[in-house]
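*Asks:*
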Amino acid sequence: MTDTIAAIATALSPSGIGIIRVSGEEAFKVVNRIFKAKSGKSILEMQSHTVHYGHIYDGDEIIDEVMVLLMKAPNSFTMEDTVEIDCHGGVYVMNRILQTVLKNGARLSEPGEFTKRAFLNGRIDLTKAEAIMDLIQSKNEAARKNSMIHLKGDLYRKIKTLREDIIYEIAFIESALDDPEHISLDGFHERLSNKALNIIKEIEKLLSSADNGRLIKEGINTVIVGKPNAGKSSFLNLLLGEDRAIVTDIAGTTRDTLEESVYLDGMTLNLIDTAGIRDTEDVVEKIGVNKAKEALEKADLMVYIIDSSVSLDNNDRNIIELLDISKTVILLNKSDLNMVVSEDDIKKIFVKKLNSSESDVNELLNIEEINLPDFITISAKEKEGLDVFTSLIKEKFFKGELSFDDEVTISSMRQKEALSSALHSMKMVQQSLEDDMPEDFYSIDLMNAYACLGEIIGEEVGEDLVNEIFSKFCMGK
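First residue of the sequence shown: 522, per this note's numbering; consecutive thereafter.
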């Protein structure tokens with residue numbers, strides 16, 4: 522924390538401008554050794570939050586023509602003296618300037634060290650630090666909006682409020698136990714019960730957003746399955762808007778999984794186009810089929826494509842056995858041809874999967890409560906049905922819309938685990954109240970909940986966890 526650190530803050534690729542960031546107690550002195558301003562002034566004489574034109578020198582050699590931005594502590598991102606050198610965006614030029622900075626007293630920063638210093642210096646909490654990384658890595662508008670909600674501090678304030686409510690009750694219990702003559706616990710059980718219930722509801726509300734948060738942040742893992750030549754690759758190309766997968770009339774063209782990401786009306790689908798699933802003796806094709814089965818195990822969404830112009834066979838029944846009904850959408854493809862397969866034909870196979878009794882199949886089809894997949898009729902060749910598919914996925918995962926209305930959505934597994942632990946502790950408090958246990962039992966579980974919530978905002982975390990979180994950042998951030 523006492524070193525002066527430096528790194529390239531922009532991408533290492535040819536561009537219009539590159540930025541070298543320097544932060545620490547010696548930042549101004551380090552850059553002053555290599556920068557000569559057009560005005561002739563020393564950086565040490567210049568005011569904070571000003572921009573200056575000049576040249577970077579390595580000894581007597583001019584390296585580049587630059588603009589230098591000065592930010593004195595504590596009014597900088599790291600809350601330390603910070604200098605940013607805006608140079609021409611050539612990879613060699615940026616590296617040469619960085620090497621010159623390092624040669625004159627700075628050291629190369631660790632991944633995420635600038636943001637880590639902002640956290641350790643109290644400039645941001647851990648939720649904002651994670652939001653910065655999420656913002657950089659956001660794949661769609663929904664992920665960007667969610668990151669900005671966290672960056673504004675909405676999650677921090679919510680967690681802070683919950684912790685304040687909990688610590689108040691802990692302090693009250695401790696005070697009453699220490700001074701029972703002046704502080705009465707009469708009526709406290711009922712008050713704490715109501716308070717615990719409200720805190721549990723708030724935590725459960727945050728936890729209920731975690732799955733959506735993950736899907737928004739990481740995308741929906743979508744596996745496309747079907748028999749060979751059902752139109753899987755054609756559908757993938759339709760989603761991507763380009764001929765990414767090879768499409769032929771030859772069954773078994775796709776031998777391996779093909780992975781792509783597509784942005785679809787606010788959603789990111791992480792697509793995996795699999796080899797056609799069928800019984801085969803071909804060694805290479807068999808490997809592809811096994812990979813398809815493995816991909817299904819990790820899927821959020823299973824898109825089962827059926828060639829509706831060809832009768833169903835045992836391969837279809839085998840595929841259906843692999844599907845999770847709640848995650849499955851069935852596309853009856855090739856609607857531009859003579860369709861010989863209907864929704865009811867497929868539903869009967871699923872009903873048999875759910876109920877082995879032959880005589881009940883037709884009867885069960887008429888029961889509204891029975892859980893069956895969603896069906897869409899499409900023609901990948903004629904580019905028909907994509908809008909219906911998009912609406913269905915949005916309804917299936919996001920209740921028809923991707924609108925936050927500034928609601929806090931949990932998008933980190935670390936945050937989810939901490940909330941789950943806090944929820945468990947608060948339910949233990951509730952149980953102790955119901956069992957009429959002594960007050961110090963409540964205090965122990967309340968303190969556990971308080972600590973778990975503190976892990977989310979970084980007030981109850983160890984050095985190892987902090988290092989792990991910031992190690993995922995890029996070098997100059």
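Backbone N, C-alpha and C fix where the C-beta goes; we use that ideal spot for every residue, glycine too.
With distances taken from CA atoms, which of 579, 572, 685 and 694 is nearest residue 592?
*Replies:* Indexing the sequence shown from 1 puts residue 592 at position 71. Among 579, 572, 685 and 694, the Cα nearest to that of residue 592 belongs to 572.
*Asks:* For the segment 663 to 727, which segments carrying the alpha helix (DSSP H) assignment without a break, of at least 4 residues, lie completely within its bounds, in sequence order?
*Replies:* List check, alpha helix (DSSP H) in window: 675 to 699.
*Asks:* By the three-class DSSP mapping on this structure, what secondary structure does residue 580 have?
*Replies:* Here residue 580 refers to the residue found at position 59 of the sequence shown. Coil at residue 580, not helix or strand.
*Asks:* With a Cβ-Cβ cutoff of 8 Å, do residue 929 and residue 727 count as a contact?
*Replies:* Counted from its first residue, the sequence shown places residue 929 at position 408. Counted from its first residue, the sequence shown places residue 727 at position 206. In contact: residue 929 and residue 727 (Cβ atoms closer than 8 Å).
*Asks:* Can you give me the Cβ contacts of residue 771 inside the same chain, cut-off strictly under 7 Å, excluding the 5 residues immediately before and after it?
*Replies:* Looking up residue 771 in the sequence shown gives position 250. Below a pLDDT of 50, predicted positions are generally treated as unreliable, and residue 771, at 40, falls in that range; the measurement from the model is reported next regardless. Answer for residue 771: no residue qualifies.
*Asks:* Any idea if residue 758 is buried or exposed, counting beta-carbon neighbours within 10 angstroms, 16 or more meaning buried?
*Replies:* What you label residue 758 is simply residue 237 of the sequence shown in a count that begins at 1. Classification of residue 758: buried, given that the 10 Å Cβ count is 16 or more.
*Asks:* So the beta strand (DSSP E) residue 747 belongs to, where does it begin and stop?
*Replies:* What you label residue 747 is simply residue 226 of the sequence shown in a count that begins at 1. Looking at the DSSP string, the run of the beta strand (DSSP E) that includes residue 747 is 741 to 747.
*Asks:* Note the first and the last residue of the continuous beta strand (DSSP E) segment covering residue 794.
*Replies:* On the sequence shown, residue 794 is found 273 positions in, with the first residue counted as 1. Here the beta strand (DSSP E) through residue 794 covers 788 to 794.
*Asks:* Express the C-alpha separation of residue 600 and residue 556 in angstroms, rounding to a whole number.
*Replies:* Translated into the one-based positions of the sequence shown, residue 556 becomes position 35. Translated into the one-based positions of the sequence shown, residue 600 becomes position 79. For residue 556 and residue 600, the distance between alpha carbons rounds to 23 Å.
*Asks:* Nearest-angstrom Cα distance between residue 690 and residue 603?
*Replies:* Locating residue 690 in the sequence shown gives position 169, counting from the first residue. Locating residue 603 in the sequence shown gives position 82, counting from the first residue. About 43 Å.
*Asks:* State the beta-bridge partners of residue 830 as determined by DSSP.
*Replies:* One-based indexing of the sequence shown puts residue 830 at position 309. Residue 830 pairs with nothing; no bridge assigned.
*Asks:* Just to confirm my understanding: we take residue 677, look at its own chain, exclude 5 residues before and 5 after, and list those with CB closer than 6 Å. What are they?
*Replies:* As a working mapping, residue 677 is identified with position 156 in the sequence shown. The residues are 646, 648 and 978.
*Asks:* Distance check for residue 783 and residue 761, CA to CA, integer angstroms please.
*Replies:* Your numbering for residue 761 matches position 240 in the sequence shown. Your numbering for residue 783 matches position 262 in the sequence shown. C-alpha separation (whole angstroms): 6 Å.
*Asks:* Candidates 536, 700, 545 and 532: which alpha carbon is nearest residue 510's?
*Replies:* With the chain covering 522 to 998 only, the question about residue 510 has no answer from this structure.
*Asks:* Going by DSSP, what residues sit across from residue 556 in a beta bridge?
*Replies:* Along the sequence shown, one-based indexing puts residue 556 at 35. DSSP output for residue 556 lists 577 as bridge partner(s).
*Asks:* Between residue 841 and residue 954, what straight-line distance do the alpha-carbon atoms span, to the nearest angstrom?
*Replies:* Here residue 841 is taken as the residue at index 320 of the sequence shown, counted from 1. Here residue 954 is taken as the residue at index 433 of the sequence shown, counted from 1. Cα-Cα distance, rounded: 49 Å.
*Asks:* Under the three-state reduction of DSSP, which class applies to residue 966: helix, strand or coil?
*Replies:* As a first step, residue 966 is located in the sequence shown; it is residue number 445 there, counting from the start. Correct three-state label for residue 966: helix.
*Asks:* How long is the line joining the alpha carbons of residue 657 and residue 837, rounded to whole angstroms?
*Replies:* Here residue 657 refers to the residue found at position 136 of the sequence shown. Here residue 837 refers to the residue found at position 316 of the sequence shown. Residue 657 and residue 837: Cα-Cα distance of roughly 42 Å.
*Asks:* What are the start and end residues of the alpha helix (DSSP H) that includes residue 837?
*Replies:* What you label residue 837 is simply residue 316 of the sequence shown in a count that begins at 1. Unbroken alpha helix (DSSP H) run through residue 837: 835 to 843.
*Asks:* For the segment 711 to 730 against the segment 859 to 870, are there 3 or more C-beta pairs whose distance is under 8 Å?
*Replies:* Short answer: they don't touch.
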